[in-house]
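Visitor:
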Amino acid sequence: MTLASAPGKVILFGEHAVVSGIPALGCSVDLRARVIVEDLPGRTEVETNLPLAGFTLDLLAGQIRSHEALHAARYVSAVLEELGANDLRIKVDSDIPPGAGLGSSAAIVVATLAALSEHLGLGLPRAEIGEMAHRIEKSVQKGLGSPMDTALATFGGYLQVSSRVQELNLSPLALVIGHTGISHDTRAEVEKVQSLRARHPDLVDPIFEAIGLIAESAAYLIKELRLAELGELMNINHGLLEALGVSSRELSELIYAARGAGGALGAKLTGAGGGGCIIALPGPAGATALEIALRQAGGRVFHARTGGEGVRLGA
Ligand code: MEV
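Per my numbering, residue 196 is the first one in the sequence shown, and the count goes up by one each step.
1. What residue range is occupied by the uninterrupted alpha helix (DSSP H) comprising I324?
2. Spell out the partners DSSP gives R495 in its beta bridges.
3. Does the Cβ of D344 have 16 or more other Cβ atoms within 10 Å, making it buried, or fewer, making it exposed?
4. Taking K286 as the reference, give the member of L308, E240 and G376 with the closest Cα.
5. State yes or no: is the beta carbon of V213 nearer than 8 angstroms to at least one beta carbon in chain B?
6. By DSSP, does S200 sit in helix, in strand, or in coil?
7. Just how far apart, CA to CA, sit K418 and L365?
8. Rounded to a whole number of angstroms, what is the C-alpha to C-alpha distance between L469 and L460?
9. With 16 as the cutoff for other CB atoms within 10 Å, does G426 come out buried or exposed?
10. Quick one: does the C-beta of T345 sit closer than 7 angstroms to a heavy atom of the ligand MEV?
11. Any idea if L370 is buried or exposed, counting beta-carbon neighbours within 10 angstroms, 16 or more meaning buried?
12. Using the Cα positions of G511 and V205, report the straight-line distance between them to the nearest angstrom.
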């Protein structure tokens with residue numbers, strides 16, 4: 196039996212502008228996907244322990260199919276196919292909600308690759324796991340996907356991503372994540388922003404440039420733990436994403452709850468927008484005040500420490 200785990204991620208600054216080559220800043224979070232591989236002569240099975248948050252009742256087969264489980268199984272099958280592996284039982288369990296922009300599929304793919312590499316004695320180096328994971332995620336998602344998610348699941352820490360990926364050595368942060376419970380559609384949101392840019396290049400390009408400046412300054416503020424200023428940059432970045440049309444009523448409600456009753460130093464949406472999550476930086480009132488405010492506004496709450504370890508053998 197072999198166990199491997201890999202972390203989820205958040206984009207701190209730079210989503211959407213990164214699609215046009217502006218550097219974005221992302222980091223791993225300490226929500227992890229865990230994958231166990233066992234020998235199972237004669238068959239191959241994928242078993243998931245994920246919550247039945249969304250499910251379908253299959254009356255013909257007499258089975259309940261969880262959307263989360265199907266999501267995980269699709270990615271695990273793609274990895275098994277890539278490695279030509281069979282006669283195995285793969286068990287997946289994860290703290291990372293799928294479809295929320297927190298890198299769930301990348302973490303599952305990376306942890307599966309690492310567990311299989313160890314179990315089958317393939318000795319895949321970390322960099323190769325990262326590259327294979329990006330290729331597999333892209334093929335399952337039909338061409339979509341920057342290397343941010345798979346690189347963070349593999350290496351952890353903080354990464355600046357543009358056409359290339361650069362590791363940054365920054366301090367850990369305690370963030371509170373608020374999930375709207377609404378799945379986001381990255382492709383639709385990216386197309387919406389790119390179409391806005393095609394219609395208003397003179398307006399959208401300066402917004403992208405401002406987002407790029409924020410991502411650059413933020414790295415220094417995180418290193419120095421200048422949290423009040425960092426919170427301010429989160430608020431400005433959110434305003435610019437709002438101008439690009441990717442916020443929503445549900446995201447805004449969580450943002451204002453975080454900044455109001457939650458006492459956050461700053462809050463912004465993270466990822467593609469349209470649904471998914473916000474991130475908030477706790478203020479003097481602390482993470483519990485933020486959690487209560489976000490729950491009262493209808494959000495699911497996750498506490499996350501940023502910049503932790505990437506893929507590893509063990510939980
Ligand atoms: C989605 O998580 C982030 C976007 O910038 C798209 C991408 O970078 O692939 C919106």
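All residues carry an ideal CB built from backbone N, CA and C; glycine is no exception.
Guide: Quick answer:
1. Taking the sequence shown and counting its residues from 1, one reaches residue 324 at position 129. Here the alpha helix (DSSP H) through I324 covers R321 to V335.
2. Counting from one through the sequence shown, the residue named residue 495 turns up at place 300. DSSP, once it has assigned bridges, lists H374 as partnering R495.
3. Here residue 344 is taken as the residue at index 149 of the sequence shown, counted from 1. The residue is buried, with at least 16 neighbouring Cβ atoms inside 10 Å.
4. As a position in the sequence shown, residue 286 is number 91, starting the count at 1. Considering only alpha carbons, the answer is E240.
5. The structure shown contains no chain B; it holds only a single protein chain.
6. Here residue 200 is taken as the residue at index 5 of the sequence shown, counted from 1. Under the three-state reduction of DSSP output, S200 falls in the strand class.
7. The residue given as residue 418 occupies position 223 in the sequence shown. The residue given as residue 365 occupies position 170 in the sequence shown. Rounded to the nearest angstrom, the two C-alpha atoms are 5 angstroms apart.
8. In the sequence shown, residue 469 corresponds to position 274, counting from 1. In the sequence shown, residue 460 corresponds to position 265, counting from 1. Going by the sequence as given, residue 469 is Gly instead of Leu. Cα-Cα distance, rounded: 23 angstroms.
9. In the sequence shown, residue 426 corresponds to position 231, counting from 1. With 16 or more other Cβ atoms within 10 Å, it is buried.
10. As a working mapping, residue 345 is identified with position 150 in the sequence shown. False, no ligand heavy atom lies under 7 angstroms from that Cβ.
11. By 1-based counting over the sequence shown, the position of residue 370 is 175. Under this definition L370 is a buried residue.
12. Coverage of the chain is limited to positions 196 through 510, which leaves residue 511 absent and any answer about it impossible.
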